[in-house]
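Remarks on the structure that follows.
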Amino acid sequence: MNYPSNPSRHQFELIRPDLEAARQSTRPRKYDLYDLFYAVAYVLKTGCQWRQLPADFPNWQSVYYYYRVWSEEQIIDEPSILDKCLKKLSLPYGKNKHARLKHLS
């Protein structure tokens, strides 16, 4: 899957440790974190509904689960893991843009 919201695998490696630290793994993941992260980025960029994710992304329930995990603020008034990762990658759809999705949580 190649969408404008997808930076390279090399860029993704900059944020992989942050994303992996968000959740303790008790079993192997069904989907690659790269695919999950860029599915979240796709929703944030396009504003599409979770259920309308293109079929080449992981299922919407998994993507939404990781969105919830990554967008939780660990410390009050601190950016979420998702916001930190988007900022590291210099993607323009960080906190202000995904705040509109809070009503879906």
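Mapping of the sequence shown onto the numbering used here: position 53 corresponds to residue 49, and the numbering continues sequentially without gaps.
The beta-carbon is built from N, C-alpha and C at its ideal position, and this holds for glycine as well.
By alpha-carbon distance to R47, the top candidate from L40, K41, N55 is N55. DSSP places Q57 inside the alpha helix (DSSP H), whose first and last residues are 56 to 67. In its chain, beyond the 5 residues on either side, W66, S67 have a beta carbon closer than 6 Å to the beta carbon of L78.
DSSP places I77 inside the alpha helix (DSSP H), whose first and last residues are 77 to 84.
Ranked by Cα distance from Y30, the options G43, L49, L10, C44 are led by L10. Measuring C-alpha to C-alpha distances from S86 to each of A37, P13, L49, G43 identifies A37 as the nearest.
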